[in-house]
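Number of protein chains: 2
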Amino acid sequence: LRSADSPVVTTTVRGVTLHRLARASEPRGLLVAGEFDRQIPFVPKRYFIVSGVPATAVRGNHAHRTCHQFLVCIRGSVTVVADDGAMVEEITLDNPAEGLYLPPLIWADQRRYSSDAILLVFASDYYEEAEYIRDRDESRRLIER
Amino acid sequence: LRSADSPVVTTTVRGVTLHRLARASEPRGLLVAGEFDRQIPFVPKRYFIVSGVPATAVRGNHAHRTCHQFLVCIRGSVTVVADDGAMVEEITLDNPAEGLYLPPLIWADQRRYSSDAILLVFASDYYEEAEYIRDRDESRRLIER
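Protein chains in written order, with this note's numbering: chain A, 445 to 589; chain B, 445 to 589.
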């Protein structure tokens, strides 16, 4: 799945892509950068950061009706399971210079957080509970249209 | 400077404000979240993450002509020195649930990074070298207009 040559790598899950971000290692530190509407396919209205997740915990387990998300593991590692109803793929994020794009209607969870993991998520919409799909069958019906 | 009651705390430096972000501590981890155009006074075009900065290094040391920035220390601590030409203030960021807003024309540097510090910066513009002010006297002249 990983490629140093190609900035965007497709997965087997519909519309889910892995994006290389800019990275500069300098004597004064490491800098990684992402541009919205460029490497990242949308402009965010919201971000959130998740940390301190127990190794056995599974987060997510929902899809979004309209919200696009972009996940960057800033520290440590986390595995994202993405499911379009036909294909399921596990993508392990362990590099702050790459991000995973999840379009709407993709069912996803995040699991196997390392103890030091910090996950940064950008969302194209503000939080709205009605925008979440928490029924897996419903997400499958919607994506098949 | 810190206040749990007020979500936005002013500093002595013109337009520089410290913003409380939403924070939820759950059995499945800690979540902190920020909304653009709400708690954060702009929508970003870009973000960058700085880590691995030596304790003696000073980063920044410039102002921006048009770019707004919002700094969040996700891990560890870092001190921001902000200067409007009349007032100088040091603000130590050590909490992922707060962010520092720097408007254009404010001269700033970041120093005293802890060894584990991770600094997340949102910028309202894409990177453009011409938009940086690297001459302190010029930034002072511009801000006094």
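Quick reminder that beta carbons are idealized off the backbone N, C-alpha and C, glycines included.
Going straight from the alpha carbon of Phe486 of chain A to that of Tyr570 of chain B, what length do you get?
Rounded to whole angstroms, Phe486 of chain A to Tyr570 of chain B spans 14 Å at the Cα level.
Contact check, Thr592 of chain A vs Glu575 of chain A under 8 Å by CB: the rounded distance?
Residue 592 of chain A cannot be examined here, being either before or after the span of chain A that is shown, 445 to 589.
Nearest candidate by alpha-carbon position, reference Asp579 of chain A, set A:Leu475, A:His506, A:Glu572:
Taking only the C-alpha atoms, the option nearest Asp579 of chain A is A:His506.
According to DSSP, is Leu475 of chain B helix, strand or coil?
Annotated three-state conformation of Leu475 of chain B is strand, per DSSP.
Beta carbon of Val460 of chain B nearer than 8 Å to that of Leu586 of chain B
Taking 8 Å as the cut-off, the Cβ atoms of Val460 of chain B and Leu586 of chain B do not count as close.
Three-state secondary structure assigned by DSSP to Ala466 of chain A
Collapsing the DSSP output to three states places Ala466 of chain A in a strand.
Could you tell me which residues DSSP puts in a beta bridge with Ile562 of chain A?
In the DSSP output, where bridge partners are listed per residue, Ile562 of chain A has A:Ser495, A:Arg519.
Taking C-beta pairs closer than 7 Å, name the residues in chain B that Phe514 of chain A reaches, listed in chain order.
Ordered by position in chain B, no residue passes the 7 Å Cβ test against Phe514 of chain A, which lies about 10 Å from the chain.
Determine the burial state of Glu470 of chain B: buried for a count of at least 16 other Cβ atoms within 10 Å of its Cβ, exposed for fewer.
In this structure Glu470 of chain B is exposed. Its beta-carbon is surrounded by fewer than 16 other beta-carbon atoms within 10 angstroms.
Run the CB neighbour count on Thr455 of chain A, radius 10 Å, all protein chains shown included, and call it buried at 16 or more, exposed below.
Under this definition Thr455 of chain A is a buried residue.
Helix, strand or coil for Leu549 of chain B? Go by DSSP, reduced to three states.
The answer is coil: DSSP assigns Leu549 of chain B none of H, G, I, E or B.
For Val524 of chain B, list the residues DSSP reports as bridge partners.
DSSP, once it has assigned bridges, lists B:Ile535, B:Gln554 as partnering Val524 of chain B.
What would DSSP say about Ser447 of chain A, mapped onto helix, strand or coil?
With a pLDDT of 39 at Ser447 of chain A, under the threshold of 50, the predicted position of this residue should be treated as unreliable, and no value is reported.
Straight-line Cα distance separating Glu572 of chain A from Ile550 of chain A
The straight-line gap from Cα to Cα measures roughly 17 Å.
Sorted by chain position, which residues of the same chain lie with C-beta nearer than 7 Å to Phe492 of chain A's C-beta, five sequence neighbours on each side aside?
Apart from the 5 residues on each side of it in sequence, Phe492 of chain A sits with its Cβ closer than 7 Å to the Cβ of Val565 in its chain, given in chain order.
Close-in-space but distant-in-sequence residues of the same chain around Leu465 of chain A (CB under 7 Å, 5 per side omitted):
So the qualifying residues of the chain are Val476, Ala477, Gly478, Gln483, Ala541, Glu542, Gly543.
What does Ile562 of chain A reach in chain B if we use C-beta pairs closer than 8 Å?
Residues of chain B passing the Cβ test: Ile518, Arg519, Ile562.
Any C-beta of chain B under 8 Å from that of Glu588 of chain A
It does not: the Cβ of Glu588 of chain A has no partner Cβ on chain B nearer than 8 Å.
Taking buried to mean at least 16 other C-beta atoms within 10 Å of its own C-beta, is Asp527 of chain B buried or exposed?
Its Cβ being crowded by 16 or more others within 10 Å, Asp527 of chain B is buried.
In the region 488-506 of chain A, which residues sit with their C-beta less than 9 Å from some C-beta in chain B, listed in chain order?
Within the region 488-506 of chain A, the residues whose Cβ lies closer than 9 Å to any Cβ of chain B are, in chain order, Pro488, Lys489, Arg490, Tyr491, Phe492, Ile493, Val494, Ser495, Gly496, Val497, Pro498, Ala501, Val502, Arg503.
When burial is assigned at 16 or more other CB atoms within 10 Å of the CB, is Arg446 of chain A buried or exposed?
In this prediction, Arg446 of chain A scores a pLDDT of 40, lower than 50, which makes its location untrustworthy; the coordinate-derived value is nonetheless stated afterwards. Arg446 of chain A comes out exposed.
What residues of chain B sit near Pro540 of chain A, judged by a beta carbon separation below 8 Å?
Residues of chain B passing the Cβ test: Ile493, Ser495.
Beta-carbon separation of Gly504 of chain A and Ala561 of chain A under 8 Å?
By the CB criterion at 8 Å, Gly504 of chain A and Ala561 of chain A fall outside the cutoff.
Check the Cβ of Glu479 of chain B against every Cβ in chain A and list those closer than 7 Å, keeping chain order.
When 7 Å is used as the limit between beta carbons, Glu479 of chain B is near these residues of chain A: Lys489, Arg490, Tyr570, in chain order.
Should Ser583 of chain B go down as buried or exposed, given a rule of 16 or more other Cβ atoms within 10 Å for buried?
Classified as buried, Ser583 of chain B has 16 or more neighbouring CB atoms from the shown chains inside 10 Å of its CB.
Through-space distance from Ile535 of chain A to Arg519 of chain A, alpha-carbon basis:
Between the alpha carbons of Arg519 of chain A and Ile535 of chain A lies a distance of about 16 Å.
For Arg482 of chain B, name the three-state secondary structure that DSSP assigns.
Arg482 of chain B: coil per DSSP, three-state reduction.
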